[in-house]
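Chemist: In UniProt numbering, the protein residues as written are 1 to 644.
1) From residue 605 to residue 292, what distance separates their C-alpha atoms?
2) Determine which residues share a DSSP beta bridge with residue 37 and list them.
3) On a CA-only basis, which of 230, 474, 106 and 479 is nearest residue 252? Give me that one, please.
4) Tell me, please, which residues DSSP counts as bridged to residue 62.
5) Using a Cβ-Cβ distance cut-off of 8 Å, determine whether residue 441 contacts chain E.
6) What separation, rounded to the nearest whole angstrom, lies between the Cα atoms of residue 557 and residue 623?
7) Expressed to the nearest angstrom, what Euclidean distance is found between the alpha-carbon atoms of residue 369 and residue 540?
8) Whole-angstrom Cβ separation of residue 352 and residue 330, contact assumed at under 8 Å?
9) Verify whether the separation of the beta carbon atoms of residue 46 and residue 79 is less than 8 Å.
10) Let's test the definition: count the other Cβ atoms within 10 Å of the Cβ of residue 443 and tell me whether it reaches 16, buried, or not, exposed.
11) If you follow the alpha helix (DSSP H) that residue 428 is part of, which residue opens it and which one closes it?
12) Evaluate residue 689 with the Cβ neighbour count: other Cβ atoms within 10 Å of its Cβ, from every protein chain shown; 16 or more gives buried, anything less gives exposed.
13) Below 8 Å on the Cβ atoms is my guess for residue 129 versus residue 165; work out the distance and round it to an integer in Å.
14) Between the segment 582-589 and the segment 623-637, do three or more beta carbon pairs fall short of 8 Å?
15) Quickly, what does DSSP pair residue 122 with across the bridge? List them, please.
16) From the DSSP output, in three-state form, read off residue 276 for me.
17) Are the CB atoms of residue 125 and residue 152 within a distance shorter than 8 Å?
18) What is the C-beta distance between residue 615 and residue 189, in whole angstroms, given that I count them as a contact (C-beta under 8 Å)?
19) Could you tell me which residues DSSP pairs with residue 305 in its beta bridges?
20) Between which two residues does the alpha helix (DSSP H) carrying residue 238 extend?
21) If you follow the alpha helix (DSSP H) that residue 504 is part of, which residue opens it and which one closes it?
22) Got a sec: does the ligand NAD put a non-hydrogen atom nearer than 7 Å to the Cβ of residue 251?
23) Inspect the CB distances between the segment 190-209 and the segment 299-307 and report whether three or more fall short of 8 Å.
24) Measure the beta-carbon distance from residue 255 to residue 116 and round it to whole angstroms, keeping in mind my assumption that it falls under 8 Å.
25) Within 10 angstroms of the Cβ of residue 161, are there 16 or more other Cβ atoms? Answer buried if so, exposed if not.
26) What does DSSP give as the partner residues of residue 193 in its beta bridges?
27) Could you tell me the alpha carbon to alpha carbon distance between residue 68 and residue 309, rounded to whole angstroms?
28) DSSP puts residue 667 in a beta bridge; with which residues?
29) Below 6 Å CB to CB, which residues in the same chain sit around residue 154 once its five sequence neighbours on both sides are set aside?
30) Do you know whose CA, among 271, 211, 217 and 274, lies nearest residue 289's CA?
31) Is the beta carbon of residue 388 closer than 8 Å to that of residue 362?
32) Specify the secondary structure class of residue 154 as computed by DSSP and reduced to three states.
33) For residue 474 versus residue 597, is the C-beta spacing smaller than 8 Å?
34) Span of the beta strand (DSSP E) holding residue 113?
35) Assign residue 6 to buried or exposed, taking buried as 16 or more other Cβ atoms, counted over all protein chains shown, within 10 Å of its Cβ.
36) Contact between the segment 271-283 and the segment 448-457: three or more CB pairs below 8 Å?
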């Protein structure tokens, strides 16, 4: 999917055929039925296709039938689905392919392959998730092996759904299902999380890794086709349906996947799939995404404004986890990761063995104090930086804040004050925003020049650390430290981040996180009272982080507007809130969400990990100029409250 609008370019089609030519000619593909994906233009219509070939001959081009067109995907923008069921046409090959294969035309359409010993059918990504998946009718028509090449991205707690779909496909109908999934950052917010698998008759027989720095992973299994046949033989309902199925066109292939003397070859036994916990997923997924982004951007590391709060600390822990993954990959002999690490740190002899030592080279943290910062957060940030090994900077922004506010005072003759000193809410908010935005400016300055000042080459990527709930509520300053190059936690809820912090305490022995966990979240932008923080996030927002997660899931996943959300919550919260209190909470959320929606248009690209992400780029398409009074919707809520 990652080529996006480049699919409109004829270059993309040309280069795909050039790569196909290399694959056809490669000795590595000999005597293997290969199933590869590429865009193909057939009669001036662009299709997402599987090209299946064997020994320099293309057997079949199979266009995709069900396209992914929801959430992060816009496949109908670039491709047309093949709507001619069980229909095959002639495809005229380009000359560069004709010269390799000796074929002028090949079959193009909805067909299956018949080898000497079995029958194979291809399914493509979204088709597995469709209610009328092709594997159903293919299986009824005698297809025994199904291939699926998938571009399925990581979402917290999603892996089991993919595994269950594959296993259920062969549980009801029998057969062998081979799923290969894209792995890594493909140039945007998504991380494709592997999980290649082979399933037979409803059970997993081989499992690939979900998170790893290996670009290529090969999964193999030896299975007995007779097990498929005997499994199917006793499913009476399946056999009755099979007797009435509309047959698929079959492309005959003079090739066998088995050999006559393989009776003694041991077959693979079913295994129990091991799923990662959500905390492990947060530790591994964004870490692999960060590494891909770092090596491909050719920068020298990351800079993170580390405030001593949960969000920036969780981001720091993800970078530390990335360093763990790099050291582990090098230890396991991954030469590509070693070469990338040496290039990033600018040392051709370097071998990353200690995550803390690698962290020192590629990760800079910066605590930006002001007169409103407490000593507690400063100490927490410093201690965490010591424990993960980052290069840590302490600086004070008061001089810059006074200078900027001073310019305003000179021009207008007025000096704004915080509300605790008699100022209005407008003055107080403006003074908070100046601090926040100056931190962003300084973050980019230090990212560009810190390594220069240390006599080292390169620049740093700035990391943001606003969580998904804050973005949804708009509890952030536009163009403050939430504005960065990338944000590894922008799709993760505060609740999950707290659990992740606890996981890091236990698994990475980062004891500095204990005091961070116990402290109330605060922006530290208003003056201290007797040296102590008087401002807290949840008081500022007028809602708790737990409530925000509920609002987010109802708004996006349940597709609830204000009235529907109210109707759902009066039942969900009936033990703790009256209908009038629920109405007040729902109205406050939607008022704040709509007032701040414009901030989503400039949201830092974030790792996509939650299905209620408010990312305005492609996932959550909404207006950013709302009628924030929601007059009709709120009136409906009020009428219902009065009736209750």
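Glycine included, C-beta positions come from ideal geometry on N, C-alpha and C.
As the structure is a prediction and not an experimental result, all values here were calculated from the model.
Modeler: Let me lay it out:
1) Your numbering for residue 605 matches position 605 in the chain shown. Your numbering for residue 292 matches position 292 in the chain shown. C-alpha separation (whole angstroms): 15 Å.
2) Position 37 of the chain shown, counted from the first residue, corresponds to residue 37. In the DSSP output, where bridge partners are listed per residue, residue 37 has 50.
3) Here residue 252 is taken as the residue at index 252 of the chain shown, counted from 1. Per the Cα distances, 106.
4) As a working mapping, residue 62 is identified with position 62 in the chain shown. According to DSSP, residue 62 bridges with 50.
5) Structure shown: chain E not included; a single protein chain is present.
6) For the purposes of this step, residue 557 is taken as residue 557 along the chain shown, with counting starting at 1. For the purposes of this step, residue 623 is taken as residue 623 along the chain shown, with counting starting at 1. Rounded to whole angstroms, residue 557 to residue 623 spans 18 Å at the Cα level.
7) As a first step, residue 369 must be located in the chain shown, where it is residue number 369. As a first step, residue 540 must be located in the chain shown, where it is residue number 540. Distance from the CA atom of residue 369 to the CA atom of residue 540, rounded to whole angstroms, is 21 Å.
8) As a working mapping, residue 352 is identified with position 352 in the chain shown. As a working mapping, residue 330 is identified with position 330 in the chain shown. So it is a contact: roughly 5 Å between Cβ atoms.
9) Residue mapping note: residue 46 aligns to position 46 of the chain shown, counting from 1. Residue mapping note: residue 79 aligns to position 79 of the chain shown, counting from 1. Result yes, Cβ atoms of residue 46 and residue 79 sit closer than 8 Å.
10) Here residue 443 corresponds to residue number 443 of the chain shown, with the count starting at 1. Buried.
11) Here residue 428 refers to the residue found at position 428 when the chain shown is read from its first residue. Per DSSP, residue 428 belongs to the alpha helix (DSSP H) from 425-453.
12) Missing from the structure shown is residue 689; the chain here goes from 1 to 644 and no further.
13) The count along the chain shown starts at 1 and reaches residue 129 at position 129. The count along the chain shown starts at 1 and reaches residue 165 at position 165. Their Cβ separation, rounded to whole angstroms, is 7 Å, which keeps residue 129 and residue 165 in contact under 8 Å.
14) yes
15) Along the chain shown, one-based indexing puts residue 122 at 122. DSSP output for residue 122 lists 147 as bridge partner(s).
16) By one-based count along the chain shown, residue 276 stands at place 276. In the structure shown, residue 276 sits in coil (DSSP, three-state: anything other than H, G, I, E or B).
17) Counting from 1 along the chain shown, the entry for residue 152 is found at position 152. Counting from 1 along the chain shown, the entry for residue 125 is found at position 125. Yes, these two residues count as a Cβ contact at 8 Å.
18) Translated into positions along the chain shown, residue 615 becomes position 615. Translated into positions along the chain shown, residue 189 becomes position 189. Contact holds; Cβ gap of about 7 Å.
19) Counting from one through the chain shown, the residue named residue 305 turns up at place 305. According to DSSP, residue 305 bridges with 366.
20) The residue given as residue 238 occupies position 238 in the chain shown. Unbroken alpha helix (DSSP H) run through residue 238: 236-242.
21) Counting from one through the chain shown, the residue named residue 504 turns up at place 504. It spans 494-507 - the alpha helix (DSSP H) in which residue 504 sits, taken as one unbroken run.
22) The ligand content of the structure shown is nil, which means the ligand NAD is not present either.
23) The segment 190-209 makes no contact with the segment 299-307: fewer than 3 CB pairs, one atom from each, lie closer than 8 Å.
24) One-based indexing of the chain shown puts residue 255 at position 255. One-based indexing of the chain shown puts residue 116 at position 116. About 7 Å separates the two Cβ atoms, so the contact holds.
25) Translated into the one-based positions of the chain shown, residue 161 becomes position 161. The residue is exposed, with fewer than 16 neighbouring Cβ atoms inside 10 Å.
26) In the chain shown, counting from the first residue as 1, residue 193 sits at position 193. Per DSSP, 183.
27) By one-based count along the chain shown, residue 68 stands at place 68. By one-based count along the chain shown, residue 309 stands at place 309. Cα to Cα, the separation comes out at about 39 Å.
28) Past the boundaries of the shown model lies residue 667; the chain is included only from 1 to 644, so the question cannot be answered.
29) Translated into the one-based positions of the chain shown, residue 154 becomes position 154. Only 191, 193 and 285 meet the Cβ criterion.
30) Counted from its first residue, the chain shown places residue 289 at position 289. Ranking the options by Cα distance to residue 289, first place goes to 211.
31) In the chain shown, the residue the question calls residue 362 occupies position 362. In the chain shown, the residue the question calls residue 388 occupies position 388. Cβ atoms of residue 362 and residue 388: not closer than 8 Å.
32) As a working mapping, residue 154 is identified with position 154 in the chain shown. Coil at residue 154, not helix or strand.
33) Your numbering for residue 474 matches position 474 in the chain shown. Your numbering for residue 597 matches position 597 in the chain shown. Going by C-beta atoms, residue 474 is nearer than 8 Å to residue 597.
34) Working through the chain shown from its first residue, we reach residue 113 at position 113. Counting along the chain, the beta strand (DSSP E) containing residue 113 begins and ends at 112-114.
35) In the chain shown, residue 6 corresponds to position 6, counting from 1. Burial call: exposed.
36) no
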